[in-house]
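Note sheet for the following structure.
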Amino acid sequence: MTKRPHEIELMAESGRLLASVFGHLDRLDLVGMSTMAVNDLVDRLIVDELAARPASKGQYGYAYALNASRNHVVCHGVPSATEILQGGDIVNFDITLEKNGWLADSSKTYLVGEVAPAARRLVEITYEAMWKGIRAVRPGAQLGDIGYAIERHARRNGCSVVREYCGHGIGREMHERPQVLHWGKARTGLVLQEGMVFTIEPMLNAGGREVRTEEDGWTVVTRDAQLSAQFEHTVAVTRNGVRVLTLRPDEQPPH
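Residue numbers for the sequence shown follow the UniProt record's numbering, beginning at 1 and rising by one.
Listed below in structure tokens is the structure:
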């Protein structure tokens, strides 16, 4: 379950490359783009420019380089040439990258054009909640501390936390132990140790936490059709705290 220092450095290189992909997306005008066009751009960037592999492609039979989850889609949205991003949308792009046999996983929810204040606030709260969870990571802390910090922030701000999906260990495989829940009780669960690497990736809903999967077998949506947002980073437990392996160069974590 724990990684050796040189293995974490290899994962950090994958994380740095993945962060650069999001840096590229940050510079796009998404209005009028199809989610398939974004997928194809990311696929080419990872393969041709970064000499890496889009690791979700082929995983569990999935055919694409990313998930594109728009508005009331919680996660696992499938890119489509007919799904055109419009001003006012929010959309999460979830990307996994493999370099030298080691994986990094990250996602970001984007505001497309001019977005309503309530949608903007949901995205802000979700980003803050992820960082609340990240800041709970240190040797001797417990997994429940992460979930407690995330859920407390969500509830204080009137949002609900999706429970059907969670963070996960990652390394040579996309999904390893442990499972990292985004709700829970403080001072419960697995004790964190230096060298553990896992994702923290809360999905927060503006309405109820209930979700359903659409007929394509992939796309997960909110049952009440209200908005959902998600952010994700891959983190490593260090001797003194936490290292975010997928941190973007211009990223300014909230206080």
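Glycine included, each C-beta is placed from N, C-alpha and C at the ideal position.
Given a cut-off of 7 Å on the beta-carbon distance, is the pair residue i and residue j in contact?
{"i": "E232", "j": "S56", "result": "no"}
{"i": "I134", "j": "V235", "result": "yes"}
{"i": "N39", "j": "P5", "result": "no"}
{"i": "L204", "j": "C159", "result": "yes"}
{"i": "L66", "j": "I95", "result": "yes"}
{"i": "M196", "j": "V161", "result": "no"}
{"i": "A118", "j": "I90", "result": "no"}
{"i": "V74", "j": "V220", "result": "yes"}
So is residue i buried or exposed if we call it buried at 16+ other beta carbons inside 10 Å?
{"i": "H182", "result": "buried"}
{"i": "T188", "result": "exposed"}
{"i": "G58", "result": "exposed"}
{"i": "L143", "result": "buried"}
What does a CB cutoff of less than 8 Å around residue i pick up in its chain, not counting 5 residues either side in sequence?
{"i": "L50", "result": "L17, S20, V21, L97 and K99"}
{"i": "D210", "result": "According to the sequence as given, residue 210 is Glu; it is not Asp. The residues are T222, R223 and D224."}
{"i": "G101", "result": "L10 and R172"}
{"i": "R239", "result": "P139 and E194"}
{"i": "A136", "result": "D145, I146, Y148 and A149"}
{"i": "residue 327", "result": "Here the chain covers residues 1 to 255 and nothing more, so residue 327 does not appear."}
{"i": "S34", "result": "P79, S80, A81, T82, E83, I84 and L85"}
Taking residue i as the reference, give the member of the options with the closest Cα.
{"i": "R155", "options": "P139, P202 and G32", "result": "P202"}
{"i": "G217", "options": "H76, L28, A37 and P54", "result": "H76"}
{"i": "R248", "options": "E13, G23, D94 and A81", "result": "G23"}
{"i": "A129", "options": "A63, Y62 and I200", "result": "I200"}
{"i": "E251", "options": "R53, M1, A63 and Y127", "result": "Y127"}
Within its chain, find whatever has a CB closer than 6 Å to the CB of residue i; leave out the 5 residues flanking it on each side and keep chain order.
{"i": "A225", "result": "H72"}
{"i": "N92", "result": "S69, S107, T109 and Q230"}
{"i": "G169", "result": "E176, R177, P178 and F198"}
{"i": "A206", "result": "L122, Q226 and L227"}
{"i": "T213", "result": "V220"}
Starting from residue i, trace the alpha helix (DSSP H) in both directions and tell me its first and last residue.
{"i": "G23", "result": "P5 to D26"}
{"i": "D43", "result": "T35 to R44"}
{"i": "residue 256", "result": "The chain is shown only over 1 to 255; residue 256 falls outside these bounds and no answer can be derived."}
{"i": "H233", "result": "Here H233 belongs to no alpha helix (DSSP H); instead the beta strand (DSSP E) covers H233 to V237."}
{"i": "Y110", "result": "Y110 -> not in any alpha helix (DSSP H); beta strand (DSSP E) instead, spanning W102 to L111."}
Check whether the Cβ of residue i sits closer than 6 Å to any heavy atom of the ligand COA, and report yes or no.
{"i": "E98", "result": "No copy of the ligand COA occurs in the structure displayed, which carries no ligand at all."}
May I ask which residues mark the beginning and end of the beta strand (DSSP E) holding residue i?
{"i": "Y127", "result": "First-last for Y127: P117 to R135, but that is the alpha helix (DSSP H), not the beta strand (DSSP E)."}
{"i": "H168", "result": "G167 to G169"}
{"i": "H72", "result": "Note, H72: premise wrong, no beta strand (DSSP E); not H, not E."}
Whose C-beta lies closer than 7 Å to the C-beta of residue i among residues of the same chain, with five residues either side of it excluded?
{"i": "T246", "result": "G15, L18, A19, A104, S106, H233 and T234"}
{"i": "W131", "result": "P253 and P254"}
{"i": "A12", "result": "L245"}
{"i": "G87", "result": "V31, V112, G113 and E114"}
{"i": "R163", "result": "W183 and R209"}
{"i": "G152", "result": "One point to set straight first is that residue 152 is Arg, not Gly, in the sequence displayed. Around R152: no qualifying Cβ."}
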